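Residue 138 in UniProt numbering is what sits at position 138 of the sequence shown, and the numbering runs on without skipping anything. Only one structure is covered here, and it is reproduced in the block below.
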Amino acid sequence: MTVVPANVASLKKVKNTVIGNPSAKKQLAQDALLIQTLIACLNPPHPHSLYHEPHDTSPLAQDDAIRIEAAHVIASLAGSEEALSTLLDHEAPHAFLVAISYLQPADSISLRSAIVRGLKSLAIAMADIAGPSQWGLRTKKSKICNRAKDGLNYLFQTESLDIYLPLLTDSSTQISASIAHIVASAVRTPEHRKALSEWLPQEDRLKEIKVSRRGWEKTSVVNVNAPSRQGGWLARHLTALLSTRDSKLQEAVLLALAALSKDNAPVATVLARPDRDNPSILSTIVSLVKSRNIDTQLAAALCVTHVVRGSTANNAYPTDELHIRAVLNFVNSMIALPTTESTSRRTKSCFILYHLVTDDSTLCSAAYDRGCLEKLVAIVQENTPEDLRTEWGEDEAETVSLLRESALIAIAAISLFDNEIRRTVTDEFFFIPYIHTCLFHQYIGVRYAACQCVRALSRAVTVLRTNIVDSGLGMTIFTIFKKREEDTNVVNAALSAVCNIVIDFSPLRPIYLEQGLMDRLLELIHLGEPALKLGALWAVKNLLRNSTTETKRSVMRQLGWDRVIKYLRDSPPDVQEQAYNILRNVAESPEGIDMIFKNIPTDVLLSYITGACTSTSDDVALQATKLLANLINGNEVQQNQIASCTKLLTNLRTCLAEGKTEVKKPATACIYQLARNPKGRRAIIDAGIISTLRHLCEWSGTGMSPSAPSSNSVGSPVVNLGGRGTSPGGRNWGSAAGPSTVGSHGSSHSHGHGFGSGHWSGSSHALPHYPHYPHSVFNSHHAIPSAYHPHSAAHQHGTAMEDDKEVVQNARAALDWLERGDTYT
Numbered sequence: 001m002t003v004v005p006a007n008v009a010s011l012k013k014v015k016n017t018v019i020g021n022p023s024a025k026k027q028l029a030q031d032a033l034l035i036q037t038l039i040a041c042l043n044p045p046h047p048h049s050l051y052h053e054p055h056d057t058s059p060l061a062q063d064d065a066i067r068i069e070a071a072h073v074i075a076s077l078a079g080s081e082e083a084l085s086t087l088l089d090h091e092a093p094h095a096f097l098v099a100i101s102y103l104q105p106a107d108s109i110s111l112r113s114a115i116v117r118g119l120k121s122l123a124i125a126m127a128d129i130a131g132p133s134q135w136g137l138r139t140k141k142s143k144i145c146n147r148a149k150d151g152l153n154y155l156f157q158t159e160s161l162d163i164y165l166p167l168l169t170d171s172s173t174q175i176s177a178s179i180a181h182i183v184a185s186a187v188r189t190p191e192h193r194k195a196l197s198e199w200l201p202q203e204d205r206l207k208e209i210k211v212s213r214r215g216w217e218k219t220s221v222v223n224v225n226a227p228s229r230q231g232g233w234l235a236r237h238l239t240a241l242l243s244t245r246d247s248k249l250q251e252a253v254l255l256a257l258a259a260l261s262k263d264n265a266p267v268a269t270v271l272a273r274p275d276r277d278n279p280s281i282l283s284t285i286v287s288l289v290k291s292r293n294i295d296t297q298l299a300a301a302l303c304v305t306h307v308v309r310g311s312t313a314n315n316a317y318p319t320d321e322l323h324i325r326a327v328l329n330f331v332n333s334m335i336a337l338p339t340t341e342s343t344s345r346r347t348k349s350c351f352i353l354y355h356l357v358t359d360d361s362t363l364c365s366a367a368y369d370r371g372c373l374e375k376l377v378a379i380v381q382e383n384t385p386e387d388l389r390t391e392w393g394e395d396e397a398e399t400v401s402l403l404r405e406s407a408l409i410a411i412a413a414i415s416l417f418d419n420e421i422r423r424t425v426t427d428e429f430f431f432i433p434y435i436h437t438c439l440f441h442q443y444i445g446v447r448y449a450a451c452q453c454v455r456a457l458s459r460a461v462t463v464l465r466t467n468i469v470d471s472g473l474g475m476t477i478f479t480i481f482k483k484r485e486e487d488t489n490v491v492n493a494a495l496s497a498v499c500n501i502v503i504d505f506s507p508l509r510p511i512y513l514e515q516g517l518m519d520r521l522l523e524l525i526h527l528g529e530p531a532l533k534l535g536a537l538w539a540v541k542n543l544l545r546n547s548t549t550e551t552k553r554s555v556m557r558q559l560g561w562d563r564v565i566k567y568l569r570d571s572p573p574d575v576q577e578q579a580y581n582i583l584r585n586v587a588e589s590p591e592g593i594d595m596i597f598k599n600i601p602t603d604v605l606l607s608y609i610t611g612a613c614t615s616t617s618d619d620v621a622l623q624a625t626k627l628l629a630n631l632i633n634g635n636e637v638q639q640n641q642i643a644s645c646t647k648l649l650t651n652l653r654t655c656l657a658e659g660k661t662e663v664k665k666p667a668t669a670c671i672y673q674l675a676r677n678p679k680g681r682r683a684i685i686d687a688g689i690i691s692t693l694r695h696l697c698e699w700s701g702t703g704m705s706p707s708a709p710s711s712n713s714v715g716s717p718v719v720n721l722g723g724r725g726t727s728p729g730g731r732n733w734g735s736a737a738g739p740s741t742v743g744s745h746g747s748s749h750s751h752g753h754g755f756g757s758g759h760w761s762g763s764s765h766a767l768p769h770y771p772h773y774p775h776s777v778f779n780s781h782h783a784i785p786s787a788y789h790p791h792s793a794a795h796q797h798g799t800a801m802e803d804d805k806e807v808v809q810n811a812r813a814a815l816d817w818l819e820r821g822d823t824y825t
């Protein structure tokens, strides 16, 4: 149906045909001439049309009417993937920007709002294709995904933002709302978020350039006008619109602020911070959680969630507690709505709860205490068969599937840290059969969320050894993990559960090994997908912990020593960390240490460890130092090889002087063990480590800085401390995370040998702890606000004191050996 030439009547006919008619949109998408004609209609046909009167009935007004109808048709077509493909072929994003750049204040509101609304529809359609999805997991990847990303990136270039972002301050609420909706719905990536946060109008950028040339005025003036001040231009003008009485505009503004502040500390912190005597912007947003309009309430709750979780303010606890309680109370009431209420609103409420509590044990407990878990379980049980033999109906509405997914992912997040919560899920709600059934659902998002539930539950020892084994859930998750035709996101989630299930006390570890665990892990490593590769290495690490020598030899033979050597140096920090941790677990025993020295050239091994000990990545430095603490327990020849590496000892001294406490613990254990070796003692003295050990011994044991250094000369072989170091028996310097452990790298467990000896074995749950959606799986941890942590500070302080105490004890024991040599016992 080609419309050439275009006129108002024919365009209205096309519009009426395509609105709400997917098949018509698909058919029209094949008419390239029609799409080309529609796009050509967007621009003013004559230059002098810029200056006509808004109510003119001349042919120029007819031209405007054509432009309006063309914009409406394109906006409607954009929702069809086939039509969007054709629109992108004809550079529709560029055409809309050109049309907007020609708009004048004298143009009618109908024209201006139609053009801007067309850009909004196009931007949202491209974002939905490019991803990541805003609510839940997209079911399939589009063939035009890359083209949609390119089109979306074009809209977030500075030159493009210069054209449409200033319209946020337009006098028309329709236009302002459309710009806010573009921000709310099209911002999906950190790069786009950063571009919007830092954007300034062109005239303001020119002012900054002029100011920067004034010499002495530069610092003070530029800081005042920096884009980050008050969250940037966009955040300032969005917050100015919060007071509007237009509910649609208010909702759009709240969603835009939520999108802008998500994982964006500079913006979120400003929104959460009080301004002198005035309350914070966050307080205003919280008040809207109690709005009479439910959609405004949802938008406000989402905004509060992202601001609180994205904020790095450390002094906002009293305020944040009230804010968090407001969101929890609201979403709790929404997810408890009867099934006859809006499915979409209940779904969004579940996702908001998920975003709020993710990776925060205290907030998970708060949600549990308020009964959120029970209501989430009820959502899943409403229409989920408990019996695995019951097949899923293929006619289930996608909205119902999405609601089930949102409830499952929220259950997984709440259950991630606390054994009591996990036991409630398994033993009080008897929920495992429902999780098991959901693993067979046809909707990818449901399977993904169910895998995340298995991952969370498998962190509990009792659940892992009983419920997961007895119900067959452990073998089902393994089947999904091995399925090559399964969606990558689901495999990734299943892999995170497998990482927990292969822990040393799991009855399923030998069964997994017999049924091809290593073959599948190697396949995932070879795929080259970063998240899968990292997860597979994580599973190998856990598999090696407390394993037999035969298992260590078999696993390392299949993994390949050459591959591990490569990962030690030429790989991203997270992969390096896993490589050092893998070797650390191999070196748990004398046989394992021999295995490493036999398969990795000593000079290469020690050279890599030397560099890693002072790595800019704290995690790499920690694992490399713990690996060294294990290798130092080798035989005398191996110890002498380590002692002869001068640069390594120099870097160890740096770790002792400048490293964090968790690095100092294995570092002092290394020095203590070397001090028991004659050549090691000489090497320690030559490296000037004695003065550093003295400095550590002067710590107060409370995490405070040490007192002034001793006046004794650096490197002196004689140390006078007035007494021997204590050697509490039965203490092993090992680190292993059990299934209920929260720490990302495990917490200390004790078993084995005497003070300062023993091995550092490590296992931990799949990174990260929180079940983020695929675009953020295996990313770095979010900044967690200090809000709602009434007990965490004291706990952390106590842990720090114990850690400092162990560092001091190790240092004193090493100094005693250095002073007394072989006479020390």
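Just so you know, even glycine gets a beta-carbon here, dropped at the ideal spot from N, CA and C. Treat the numbers as computed from the prediction; the structure is a model and nothing was measured.
The residue among Glu591, Ala397, Val469 and Val270 with its C-alpha nearest the C-alpha of His441 is Ala397. With a contact defined as Cβ atoms closer than 8 Å, Leu373 and Ile414 qualify at about 6 Å. Asp275 has Asn278 as its beta-bridge partners, per DSSP. Linking Val98 to His237 through their CA atoms gives a straight-line distance of about 24 Å. Inclusion of Pro573 and Asp619 in the CB contact set at 8 Å is warranted, their separation being smaller than that value. Check the Cα spacing between Ser10 and each of Asn43, Asn677, His72 and Leu322: the tightest is with His72.
Within 10 angstroms of the beta-carbon of Ser261 lie 16 or more other beta-carbons, which makes it buried. Membership of Glu591 in the alpha helix (DSSP H) is indicated by the continuous run Pro590 to Asn599. Rounded to whole angstroms, the separation of the alpha carbons of Ala95 and Leu167 is 17 Å.
Taking 8 Å as the cut-off, the beta carbon of Gln174 is found no closer than this to the beta carbon of Ile68. Nearest neighbour of Ser333 by Cα position, chosen from His323, Leu322 and Leu353, turns out to be Leu353.
Excluding the 5 residues flanking it on each side, Ser113 has same chain C-beta neighbours closer than 8 Å at Ser172, Gln174, Ile175 and Ser178, in chain order. Counting C-beta pairs closer than 8 Å gives three or more between the region 503-514 and the region 464-475, which meets the contact rule. Within the model, the alpha-carbon separation for Thr86 versus Leu521 is close to 41 Å. In the assembly as shown, Thr399 is an exposed residue. Its beta-carbon has fewer than 16 other beta-carbons within 10 Å. Between the C-alpha atoms of Thr488 and Tyr154 there is a straight-line separation of about 28 Å. Annotation for Ala675: Arg681, Ile684, Ala814, Trp817 and Leu818 place their beta carbon closer than 7 Å to its own, counting only its chain and skipping 5 residues before and after.
According to the DSSP assignment, Pro573 belongs to the alpha helix (DSSP H) that extends over Pro573 to Val586.
Classified as exposed, Asp470 has fewer than 16 neighbouring CB atoms from the shown chains inside 10 Å of its CB. With a 10 Å radius around the Cβ and a threshold of 16 neighbouring Cβ atoms, Lys140 comes out exposed. Pairing Glu382 with Ile129, the inter-Cα distance amounts to about 31 Å. Taking 8 Å as the upper bound for CB-CB distance, Leu457 and Val425 are in contact here, some 7 Å apart.
DSSP places Pro22 in the uninterrupted alpha helix (DSSP H) bounded by Pro22 to Ala29. In the DSSP assignment, Asp686 falls within the unbroken alpha helix (DSSP H) covering Pro678 to Asp686. Under the three-state reduction of DSSP output, Ser261 falls in the helix class. Shown here, Glu514 sits in a helix according to DSSP, grouped into three states.
Taken atom to atom, the span from the alpha-carbon of Pro132 to that of Pro190 is near 11 Å. Annotation for Ile596: Leu583, Val586, Ala587, Leu605 and Leu631 place their beta carbon closer than 8 Å to its own, counting only its chain and skipping 5 residues before and after.
Nearest neighbour of Ile565 by Cα position, chosen from Val555, Lys552 and Ala579, turns out to be Ala579. With a 10 Å radius around the Cβ and a threshold of 16 neighbouring Cβ atoms, Glu577 comes out buried. Just measuring C-alpha positions, the residue of Val461, Ala252, Glu529 and His355 sitting nearest Val491 is Glu529. Just so you know, the alpha carbons of Ala612 and Ala811 end up roughly 22 Å apart.
Around the C-beta of Ala32, fewer than 16 other C-beta atoms lie within 10 Å, and the residue is accordingly described as exposed. According to the DSSP assignment, Glu658 belongs to the alpha helix (DSSP H) that extends over Thr646 to Glu658. Around the beta-carbon of Phe351, 16 or more other beta-carbon atoms lie within 10 Å, marking it buried.
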